[in-house]
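Visitor: 361 is the number that my numbering gives to position 52 of the sequence shown; each next residue is one higher, with no gaps.
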Amino acid sequence: MSVIKKFRITKIKNSKPLISLKKISLSFKKNHLILDNISLDISKGQVIGLLGPNGAGKSSMMNLITGALKPNFGDIMINSENITNYPIFTRTKKFKISFVPQIGGFFSDLTAEDNLNAIGEILIKDVKQRKLKIEELITKFELDAVRKVEAKFLSGGMKRRLVISMSLLGNPEILLMDEPLAALDPQTIQMLQSIIIRLQSEYNLTILITDHQARDLLVVCDRAVILSNSKIVAEGTPNQLMQNENAAKYYFGENFKFK
Ligand SMILES: Nc1ncnc2c1ncn2[C@@H]1O[C@H](COP(=O)(O)OP(=O)(O)OP(=O)(O)O)[C@@H](O)[C@H]1O
Ligand SMILES: [Mg+2]
310 MSVIKKFRIT
320 KIKNSKPLIS
330 LKKISLSFKK
340 NHLILDNISL
350 DISKGQVIGL
360 LGPNGAGKSS
370 MMNLITGALK
380 PNFGDIMINS
390 ENITNYPIFT
400 RTKKFKISFV
410 PQIGGFFSDL
420 TAEDNLNAIG
430 EILIKDVKQR
440 KLKIEELITK
450 FELDAVRKVE
460 AKFLSGGMKR
470 RLVISMSLLG
480 NPEILLMDEP
490 LAALDPQTIQ
500 MLQSIIIRLQ
510 SEYNLTILIT
520 DHQARDLLVV
530 CDRAVILSNS
540 KIVAEGTPNQ
550 LMQNENAAKY
560 YFGENFKFK
């Protein structure tokens, strides 16, 4: 059974964007722009997909929001506050940002349970609440059978589930997920899609998510953006993107179908 998203938040009346990228440019080498004058608004409670070919700058865009990277030009706003010069920990704490990185994100030599404990001890001071939260996540992400297994011995999919569960320990308000669906089996993808939809509907989480499993990604998105050649070349609801010539030209190809 496929996961169904019942409604999509396409326009939010009278609301200022929660996250705003304003005329962002990023380059690592002289004369080679990774992102060229990119502007993007994300409303609170929206799930936004970020698509684009390998090397388009998707992970870099997430790193600009976490603070791991600084833009060469432009500003990053959260709740109308200019955070461009804030360090990572200030952004994380003040705006409750959590990040699922494309690679890694766990301690290899710790068991699944101790990975959750390690981050939980930083984020949840009350021992009873911490234990409850960790048990809730172990159940939700079906990690019980591997709780005593060192993370380095987990399968690729289990590692992803562990990292995603860790990202929810601090009850984030903004969740950045970099390829969370990569290398997951179909049932795990459906489990994650349901979790993402529930995080949005029950906790009003704002989620920016990138993945090359475009069909699976679009199922959960309200809106998606396609990055290519340093620019946003298309954006809109999943259905709008299916009609968008640039979306086909720069990313999906001619035969891609969303449903
Ligand atoms: N720290 C860095 N130093 C130099 N170049 C970098 C750095 N980080 C990223 N790049 C380059 O910037 C470009 C964009 O990389 P990025 O990882 O953001 O792409 P992506 O869209 O996430 O790709 P993928 O789909 O493969 O994950 C690539 O050409 C990459 O080599
Ligand atoms: Mg990437």
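Glycine included, every Cβ here is placed at the ideal spot set by N, Cα and C.
Keep in mind it's a predicted model, so treat the numbers as computed, not measured.
1) If we require 4 or more residues per run, which alpha helix (DSSP H) segments fall completely within the region 513-562?
2) Whole angstroms are fine: how far does the CA of N381 sit from the CA of M310?
3) Should P347 be listed as close to ligand 1, given that the test is whether its C-beta is under 7 Å from any heavy atom?
4) Alpha carbon to alpha carbon, what distance is there between A556 and G358?
5) Smallest Cα separation from S537: which of M386, L360, E445, I447?
6) Is any non-hydrogen atom of ligand 1 found closer than 7 Å to the C-beta of S368, if you look at the structure I gave you?
7) What are the uninterrupted segments assigned as alpha helix (DSSP H) that are 4 or more residues long and contained completely in the region 380-422, given in chain order?
8) What would DSSP say about N564, mapped onto helix, strand or coil?
9) In this structure, does DSSP put V569 in helix, strand or coil?
10) Leaving out the 5 sequence neighbours to the left and right, which residues in its chain are closer than 6 Å to V472 when beta-carbon positions are compared?
11) In the DSSP output, what is I333 paired with across the bridge?
12) Does DSSP put D435 in a helix, a strand or coil?
13) In chain order, what residues of the same chain have a beta carbon less than 8 Å from the beta carbon of P362, not counting five sequence neighbours either side?
14) Would you tell me roughly how many angstroms separate the C-alpha atoms of Y512 and Q502, rounded to the nearest one?
Guide: So, from the listed chains and residues:
1) 523-529, 547-551
2) Indexing the sequence shown from 1 puts residue 310 at position 1. Indexing the sequence shown from 1 puts residue 381 at position 72. In this prediction, M310 scores a pLDDT of 48, lower than 50, which makes its location untrustworthy; the coordinate-derived value is nonetheless stated afterwards. Taking the straight line from one Cα to the other gives about 46 Å.
3) Taking the sequence shown and counting its residues from 1, the one referred to as residue 347 is at position 38. According to the sequence provided, residue 347 is Ile. The question's Pro does not apply to it. No - ligand 1 has no heavy atom lying nearer than 7 Å to the Cβ of I347.
4) As a first step, residue 358 must be located in the sequence shown, where it is residue number 49. As a first step, residue 556 must be located in the sequence shown, where it is residue number 247. Distance between the alpha carbons of G358 and A556 is about 13 Å.
5) Numbered from its first residue, the sequence shown carries residue 537 at position 228. Nearest C-alpha to S537: L360.
6) As a working mapping, residue 368 is identified with position 59 in the sequence shown. Under cutoff, so the answer is yes.
7) 397-404
8) As a first step, residue 564 is located in the sequence shown; it is residue number 255 there, counting from the start. If DSSP states are grouped into helix, strand and coil, N564 belongs with coil.
9) With the chain running from 310 to 568 in the structure shown, residue 569 is simply not present.
10) Against the sequence shown, residue 472 aligns to sequence position 163. Counting only Cβ-Cβ distances below 6 Å, and skipping sequence neighbours, we find V409, G414, F415.
11) Residue 333 sits at position 24 when you count from the first residue of the sequence shown. Per the DSSP secondary-structure output, I333 pairs in a beta bridge with I347.
12) Residue 435 sits at position 126 when you count from the first residue of the sequence shown. Three-state DSSP puts D435 in coil, outside helix and strand.
13) For the purposes of this step, residue 362 is taken as residue 53 along the sequence shown, with counting starting at 1. Around P362: S537, Y559, Y560.
14) Along the sequence shown, read from residue 1 onward, the residue named residue 512 stands at position 203. Along the sequence shown, read from residue 1 onward, the residue named residue 502 stands at position 193. Their backbone Cα atoms lie some 15 Å apart in a straight line.
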